[in-house]
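Each residue of the sequence shown is one higher than the one before, starting from 2 at the first, in my numbering. Shown next, in structure tokens, is the structure this report addresses.
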Amino acid sequence: MKDLTLPTKNTWCPGCGNFPLFEALKKSISNLEKKGSKREDFILVSGIGCHGKMSDFININSFYGLHGRSIPVAGGIKVGNPNLKVICSSGDGDSYSEGISHLIHAAKRNSNITVLIHDNHNFALTVKQFTSTEAPHQTL
């Protein structure tokens with residue numbers, strides 16, 4: 002699993018929820034490799050946000066999509082090469098705000114992609130504005 006981590010400096014805040022998600026992703030890929038999948042069979046599509054930095058830290062093919070548009074990019078990659086294992090890393094702002102229609106349509110089409118949604122209830126990369134998952138009347 003260690004070879005899945007690139008030497009890039011990690012810039013997530015201490016205690017960030019992205020750390021356990023990153024470890025779970027690496028463990029899943031490692032387990033699939035043990036079952037015969039090849040590293041080049043995987044691609045990670047990330048949206049814009051702290052979660053998207055996973056593409057900087059993991060040693061698989063990756064692509065940064067536009068904010069809220071990582072799911073349709075992932076779907077397009079899967080259509081272009083159905084043999085790839087396409088993973089989409091998306092934030093709550095990415096998926097539930099700007100990209101909600103893409104999430105709905107990917108589910109409706111039963112797209113054969115894996116979507117990981119990092120829900121931290123705020124747009125963390127841009128000074129913590131609320132997202133649609135934040136409880137009403139909350140302050141940051």
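Every residue gets a Cβ at the ideal spot worked out from N, C-alpha and C, and that includes glycine.
| Asked | Found |
| --- | --- |
| Test item: CB-CB of H119 and H52 under 7 Å | yes |
| Nonlocal neighbours in the same chain, by C-beta distance under 8 Å from L85, ignoring five residues either side | D42, F43, I44, I78 and K79 |
| Cut-off 7 Å between Cβ atoms - residues of its own chain near R40, not counting five sequence neighbours on either side | E34 and I61 |
| Alpha-carbon spacing of V74 relative to G66, whole angstroms | 7 Å |
| Pair within 7 Å by beta-carbon distance, T9 and F58 | yes |
| C-alpha gap between S46 and I72, whole angstroms | Looking at the sequence shown, residue 46 is not Ser but Val. Using only the alpha carbons, I get a separation of about 8 Å. |
| Cβ-based neighbour list, W13, same chain, cut-off 6 Å, excluding 5 preceding and 5 following | N19 |
| Distance between beta carbons of G50 and G16, contact taken as under 8 Å | Not a contact, Cβ separation roughly 17 Å. |
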